[in-house]
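Residue numbers (this note's numbering): 44 to 379. I have placed the structure first, in the form of structure tokens, so that the comments after it can refer back to it.
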């Protein structure tokens with residue numbers, strides 16, 4: 044996940060949010076979500092859940108510890124990460140393909156698998172996670188956690204009977220200095236989808252899914268969101284802008300039907316800069332509905348973008364619960 048916008052842009056975003064909330068209907072538009080967030084003590088994972096937890100941990104450990112920093116200035120690490128993701132997706136029963144993404148004098152790759160649909164083949168759902176890091180960080184939460192969940196979603200859904208096709212993509216070059224540039228993997232992908240006339244009915248960005256805490260005061264927000272949301276960082280956040288409100292409502296409603304982990308949703312005005320901070324932004328640029336799933340990054344995780352963003356700090360039980368619920372959510376969203 045890239046860094047926040049300038050202080051001025053943040054202030055303007057907050058003012059825009061306050062205006063929307065103050066004006067009639069703001070609460071209903073932005074904060075009201077379908078379904079009910081999970082509360083209480085979750086059941087044990089079970090044998091399959093424990094195996095899932097171990098696989099998630101292995102993916103994150105390999106990417107963040109064995110490979111480490113993954114960015115333009117360590118091209119061999121980016122290539123090693125692409126090789127690992129490709130191999131893990133193949134081991135999960137898929138045939139991944141590479142899409143070249145030029146960046147300066149180098150060429151990197153998005154890694155994609157297609158889960159074909161049997162019915163509405165022209166209505167595409169895209170799920171993506173970036174696998175690069177900022178310089179100076181091993182990027183366990185940002186964003187080996189999202190990639191690990193992406194790989195395991197491919198495994199969980201490998202035999203699912205879908206109407207709409209699902210495209211699962213590991214994107215390169217989301218972090219600075221490539222965010223918003225021609226070398227940004229998700230923007231390269233979204234532009235191709237637009238040029239080829241894809242009917243993308245929804246894109247979901249998996250952005251930092253591994254850091255959770257039940258401690259009071261472990262969750263922070265830009266004002267005035269702190270007036271409406273819990274102060275414990277134990278939930279998965281669903282975030283989008285007003286133009287993709289329908290997609291978010293469908294997603295969080297289905298997630299809550301299956302989840303054993305809390306969830307919160309936000310439909311914000313585009314002036315709120317923090318909501319742009321991942322690969323879903325690239326799909327907004329192409330006028331596709333898109334949203335982000337996140338543990339809220341620097342609003343919860345004190346190790347964000349630092350050398351201490353390491354694999355042992357993440358909660359793999361919570362990640363397993365998230366993955367199981369997301370698989371059920373996507374299977375439902377891919378039906379007619």
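Where is the CB? At the ideal position from N, CA and C, for every residue including glycine. Every value quoted in this text rests on a predicted model; they were computed, and no experiment measured them.
8 angstroms Cβ cutoff met for residue i and residue j
i           : j           : result
residue 128 : residue 203 : no
residue 231 : residue 144 : yes
residue 372 : residue 278 : no
residue 246 : residue 340 : no
residue 132 : residue 248 : no
residue 450 : residue 352 : In the structure displayed, the chain extends from 44 to 379; residue 450 sits before or after that span and is not available.
residue 255 : residue 358 : yes
residue 370 : residue 200 : yes
residue 179 : residue 350 : yes
residue 80  : residue 183 : no
residue 219 : residue 328 : no
residue 102 : residue 176 : no
residue 130 : residue 188 : no
residue 185 : residue 348 : yes
residue 312 : residue 284 : yes
residue 146 : residue 222 : no
residue 330 : residue 242 : no
residue 124 : residue 110 : yes
residue 238 : residue 205 : no
residue 45  : residue 217 : yes
residue 310 : residue 157 : no
residue 149 : residue 118 : yes
residue 287 : residue 295 : no
Reduced DSSP category for residue i - H, G, I as helix; E, B as strand; rest coil
i           : result
residue 64  : Residue confidence is low: residue 64 scores 49 on pLDDT, short of 50, so the model does not pin down where it sits. Its coordinate-derived value is still stated next. In the structure shown, residue 64 sits in a helix (DSSP, three-state: H, G or I).
residue 135 : coil
residue 118 : helix
residue 72  : helix
residue 171 : strand
residue 88  : coil
residue 44  : coil
Expected contact under 8 angstroms - CB spacing of residue i and residue j to nearest Å
i           : j           : result
residue 121 : residue 215 : 7 angstroms
residue 35  : residue 153 : An answer regarding residue 35 cannot be provided, because it is not within the stretch 44 to 379 covered by the chain.
residue 304 : residue 85  : 7 angstroms
residue 262 : residue 141 : Their Cβ separation, rounded to whole angstroms, is 38 angstroms, which puts residue 262 and residue 141 out of contact at 8 angstroms.
residue 210 : residue 134 : Wrong, their Cβ atoms sit about 19 angstroms apart, outside the cutoff.
residue 259 : residue 274 : 6 angstroms
residue 138 : residue 377 : At roughly 19 angstroms, the Cβ-Cβ gap does not stay under 8 angstroms, so residue 138 and residue 377 are not in contact.
residue 308 : residue 281 : 4 angstroms
residue 196 : residue 169 : Not quite, the Cβ-Cβ distance comes to about 12 angstroms (not below 8 angstroms), so this is no contact.
Closer than 8 angstroms to chain C by CB, residue i
i           : result
residue 376 : The structure shown contains no chain C; it is built from a single protein chain.
Inside the segment 256-333 only - alpha helix (DSSP H) runs reaching at least 4 residues: 288-301 and 323-328
Every unbroken alpha helix (DSSP H) inside the segment 347-377 [4 residues or more]: 359-376
4 or more residues per run - each alpha helix (DSSP H) lying fully within the segment 190-258: 228-238
contact_flag[the segment 179-197, the segment 365-374] where n(CB pairs < 8 angstroms) is 3 or more: yes
Continuous beta strand (DSSP E) assignments of at least 3 residues falling wholly in the segment 139-169: Counting only runs of 3 or more residues that sit fully inside the segment 139-169, the beta strand (DSSP E) segments are 140-146 and 149-158, in chain order.
contact_flag[the segment 281-298, the segment 75-82] where n(CB pairs < 8 angstroms) is 3 or more: yes
Segment contact flag, the segment 94-102 with the segment 311-325, C-beta cutoff 8 angstroms, min 3 pairs: no
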